[in-house]
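Participant: Residue numbers (this note's numbering), protein chains in the order written: chain A, 465 to 655; chain B, 53 to 258.
For each residue, glycine too, the CB sits at the ideal point set by N, CA and C.
All of these numbers come straight from a predicted model, not from anything done at the bench.
I have a structure here, written as structure tokens, and I will follow up with some questions on it.
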């Protein structure tokens with residue numbers, strides 16, 4: 465599979481949130497306003513891209529030679545947690561403006577399963593480094609698209625009169641289901 | 053008195069703060085693994101196991117773990133149990149493992165476990181934490197199984213693989229994914245409705 469096809473599949477047809485159900489928590493939790501949704505989306509994309517390179521390196525150059533592939537889960541989550549911490553410090557030092565816009569969301573990314581899930585699936589499929597990087601960037605963009613669209617939808621939903629029991633998460637989930645149907649239209653397009 | 057409190061802790065996780073419908077934590081495995089009853093139940097049991105033992109260990113070590121690096125410490129403890137689950141499932145349930153593989157290792161980042169570790173186990177006794185882990189896990193298992201039952205019935209007309217309706221039109225893979233969101237949304241709304249009614253009833257009595 466070429467890089468282009470990997471990118472489009474991960475971005476649209478096999479969208480991380482709407483088709484693989486990963487990263488639902490921030491998708492539902494941080495999508496109340498468009499600008500916070502954008503901030504979260506960019507932060508996730510950033511961490512995903514960098515962590516995928518590190519997890520690839522650690523898996524292929526440390527875990528496999530030593531023969532402890534079963535420790536993957538623990539190794540990856542530690543890599544992601546420490547990377548998030550490091551990125552936070554670097555951004556704080558060098559780009560205070562970026563820090564004020566992304567800073568709040570960075571710690572939350574550690575528990576975003578999309579990041580770990582992408583690192584895992586790249587290893588499971590057996591991609592090389594370039595494909596892994598492409599996959600994780602495209603997955604990040606897919607997350608950004610999904611969360612941004614949902615934030616726009618929720619903005620409209622807030623202004624409408626809906627039954628009390630549907631307020632909050634239930635109606636958001638139903639909006640997400642319609643989005644998932646729309647994204648399902650992309651399936652089979654790029655493979 | 054003591055047993056009454058235990059019962060309270062227990063019921064708390066099951067209904068009053070059910071992880072799926074009230075706290076809305078751990079949505080990713082909820083949506084991804086409730087495609088059928090068996091998968092939902094297995095995922096619930098795996099999560100319950102991790103939840104109970106991570107709660108017990110975190111509660112035991114709560115005075116040793118320094119406050120500043122508590123999150124990484126919690127994550128290491130949790131991931132240890134996730135690896136145990138992974139290895140056990142790969143050995144004894146290879147079929148189930150191969151379909152659930154991606155989400156078993158994602159138990160590590162399941163928000164329920166970290167949330168219970170942070171808000172309950174890190175400031176309560178070992179016994180209470182174990183009960184809390186058990187009840188939260190049971191609440192999670194029950195809601196996953198219920199969702200799995202509904203979704204399996206709707207999308208393929210079967211229960212635990214046995215067909216209930218004859219000539220049931222199979223739903224395509226993509227739309228059965230959208231079905232997950234709809235079923236969860238509707239059942240959450242139903243849960244909310246019951247809660248609203250109950251609170252109204254209580255207010256009326258007063």
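#1: Are the C-beta of residue 479 of chain A and some C-beta of chain B separated by less than 7 Å?
#2: Excluding the 5 residues preceding and the 5 following residue 202 of chain B in the sequence, name in chain order all residues of the same chain whose CB lies nearer than 6 Å to its CB.
#3: Going by the CB atoms, is the gap between residue 505 of chain A and residue 599 of chain A shorter than 7 Å?
#4: Out of A/618, A/641, A/550, A/594, state which residue places its alpha-carbon closest to the alpha-carbon of residue 570 of chain A.
#5: Along the segment 79 to 112 of chain B, what residues have a CB closer than 9 Å to any CB found in chain A?
#6: May I ask you to list, following chain order, the residues of the segment 234 to 257 of chain B that have a beta carbon less than 8 Å from some beta carbon of chain A?
#7: Under the rule that 16 or more other beta-carbon atoms within 10 Å means buried, what is residue 514 of chain A, buried or exposed?
#8: Could you tell me whether the Cβ of residue 76 of chain B comes closer than 7 Å to any Cβ of chain A?
#9: Could you tell me which uninterrupted beta strand (DSSP E) segments, each at least 3 residues in length, are contained entirely in the segment 76 to 145 of chain B, listed from first to last along the chain?
#10: Considering only the beta carbon of each residue, do residue 487 of chain A and residue 578 of chain A sit closer than 7 Å?
#11: Relative to chain B, which residues along the segment 566 to 588 of chain A have a C-beta separation below 9 Å, given in chain order?
#12: Along chain A, which residues have their Cβ under 9 Å away from the Cβ of residue 68 of chain B?
#13: Using Cβ-Cβ distances below 8 Å, what residues of the segment 119 to 135 of chain B are close to chain A?
#14: Can you name, in chain order, every residue of its own chain whose Cβ lies under 7 Å from the Cβ of residue 89 of chain B, other than the five neighbours on each side?
#15: For chain A, is any of its Cβ atoms less than 7 Å away from the one on residue 230 of chain B?
#16: Under the three-state reduction of DSSP, which class applies to residue 53 of chain B: helix, strand or coil?
#17: Quick one: using the 10 Å Cβ neighbour count with 16 as the cut-off for buried, is residue 138 of chain B buried or exposed?
#18: What is the C-beta distance between residue 492 of chain A and residue 636 of chain A, in whole angstroms, given that I count them as a contact (C-beta under 8 Å)?
#19: What does the alpha-carbon distance come out to for the pair residue 640 of chain A and residue 116 of chain B?
#20: Check each candidate in A/624, A/629, A/594 and name the one with the smallest Cα separation from residue 517 of chain A.
#21: Looking only at its own chain, which residues have a Cβ that is under 7 Å from the Cβ of residue 53 of chain B, when we skip the five neighbours before and after it?
#22: Which same chain residues, not among the five before or five after residue 86 of chain B, have their C-beta less than 7 Å away from its C-beta?
#23: I want to know whether the segment 613 to 622 of chain A touches the segment 494 to 503 of chain A - three or more CB-CB distances under 8 Å.
#24: With contact counted as at least three CB pairs below 8 Å, one residue from each stretch, are the segment 622 to 631 of chain A and the segment 242 to 254 of chain B in contact?
#25: Report the neighbours of residue 196 of chain B on chain A: residues whose CB is nearer than 7 Å to its CB, in chain order.
#26: Could you give the residue range of the alpha helix (DSSP H) that holds residue 622 of chain A?
#27: Scan the segment 157 to 172 of chain B for residues whose Cβ lies nearer than 8 Å to a Cβ of chain A and list them as they occur along the chain.
#28: Taking all protein chains shown into account, decide if residue 485 of chain A is buried (16 or more other Cβ within 10 angstroms of its Cβ) or exposed.
#29: Which of helix, strand or coil does DSSP assign to residue 494 of chain A?
#30: Taking one C-beta from the segment 638 to 653 of chain A and one from the segment 528 to 541 of chain A each time, how about it: are there three or more such pairs within less than 8 Å?
#31: What first and last residue would you give for the alpha helix (DSSP H) that runs through residue 552 of chain A?
#32: For the alpha helix (DSSP H) containing residue 68 of chain B, name the first residue and the last one.
#33: If the cut is a Cβ gap below 7 Å, which residues of chain A does residue 139 of chain B touch?
#34: Just list the residues that DSSP pairs residue 197 of chain B with in beta bridges.
#35: Can you find the residues in the same chain that come closer than 6 Å, C-beta to C-beta, to residue 220 of chain B, ignoring five residues on each side of it along the sequence?
#36: Any idea if residue 580 of chain A is buried or exposed, counting beta-carbon neighbours within 10 angstroms, 16 or more meaning buried?
Facilitator: Taking the geometry as given:
#1: Interface residue (Cβ-Cβ distance to chain B less than 7 Å): residue 479 of chain A is not classified as such.
#2: The residues 235, in chain order, have a CB closer than 6 Å to that of residue 202 of chain B in the same chain once the five nearest residues on each side in sequence are set aside.
#3: Judged by their CB atoms, residue 599 of chain A and residue 505 of chain A are not nearer to each other than the 7 Å cut-off.
#4: Comparing C-alpha distances from residue 570 of chain A to each of A/618, A/641, A/550, A/594 shows the shortest one belongs to A/550.
#5: Correct list: 79, 80, 81, 82, 83, 84, 85.
#6: Interface annotation for the segment 234 to 257 of chain B against chain A: 234, 236, 237, 238, 240, 241, 242, 244, 245, 248, criterion Cβ-Cβ distance under 8 Å.
#7: Residue 514 of chain A is buried by the Cβ-count criterion.
#8: Taking Cβ atoms only, chain A reaches closer than 7 Å to residue 76 of chain B, which makes this a yes.
#9: For the segment 76 to 145 of chain B, not one full-length beta strand (DSSP E) segment reaches 3 residues or more.
#10: With a cutoff of 7 Å on beta-carbon distance, residue 487 of chain A and residue 578 of chain A are scored as near each other.
#11: Listed by position along the chain: 571, 574, 575, 576, 577, 578, 579, 580, 581, 584, 585, 588.
#12: Going along chain A, no residue has its Cβ under 9 Å from residue 68 of chain B, so there is no contact; the nearest lies around 17 Å.
#13: The residues in question are 123, 124, 127, 128, 131, 132, 134, 135.
#14: The beta carbon of residue 89 of chain B is closer than 7 Å to those of 197, 200, 201, 204, 211, 212 in its chain, skipping five residues each way along the sequence.
#15: Residue 230 of chain B counts as touching chain A.
#16: Any reading at residue 53 of chain B needs caution, since the residue's pLDDT is 42, under 50, leaving its predicted position unreliable; the model's value is listed next. Note: residue 53 of chain B maps to coil in three-state DSSP.
#17: Buried: at least 16 other Cβ atoms inside 10 Å.
#18: Confirmed, about 6 Å.
#19: Distance between the alpha carbons of residue 640 of chain A and residue 116 of chain B: 43 Å.
#20: Closest by alpha carbon: A/594.
#21: Residue confidence is low: residue 53 of chain B scores 42 on pLDDT, short of 50, so the model does not pin down where it sits. Its coordinate-derived value is still stated next. Correct list: empty, nothing qualifies.
#22: Cβ contact annotation for residue 86 of chain B (same chain, cutoff 7 Å, sequence separation greater than five): 92, 196, 199, 200, 203, 232, in chain order.
#23: Below 8 Å, enough C-beta pairs join the segment 613 to 622 of chain A and the segment 494 to 503 of chain A to call them touching: three or more.
#24: By the Cβ test, the segment 622 to 631 of chain A is in contact with the segment 242 to 254 of chain B, since at least three Cβ pairs between them sit closer than 8 Å.
#25: Chain A residues near residue 196 of chain B: none, gap ~13 Å exceeds 7 Å.
#26: For residue 622 of chain A, the uninterrupted alpha helix (DSSP H) run begins and ends at 593 to 622, by DSSP.
#27: Answer set for the segment 157 to 172 of chain B: 157, 158, 160, 161, 162, 163, 166.
#28: Residue environment analysis places residue 485 of chain A among the buried positions, since at least 16 neighbouring C-beta atoms fall within 10 angstroms of its C-beta.
#29: The answer is coil: DSSP assigns residue 494 of chain A none of H, G, I, E or B.
#30: With a cut-off of 8 Å, the segment 528 to 541 of chain A and the segment 638 to 653 of chain A do not count as touching, because too few Cβ pairs lie within range.
#31: Unbroken alpha helix (DSSP H) run through residue 552 of chain A: 536 to 558.
#32: That residue, residue 68 of chain B, is in no alpha helix (DSSP H); it is neither H nor E in DSSP.
#33: Within 7 Å of the CB of residue 139 of chain B, the CB atoms of chain A belong to 534, in sequence order along the chain.
#34: Answer is none; residue 197 of chain B lacks a bridge partner.
#35: Answer for residue 220 of chain B: 209, listed in chain order.
#36: Buried, since its Cβ has 16 or more Cβ neighbours within 10 Å.
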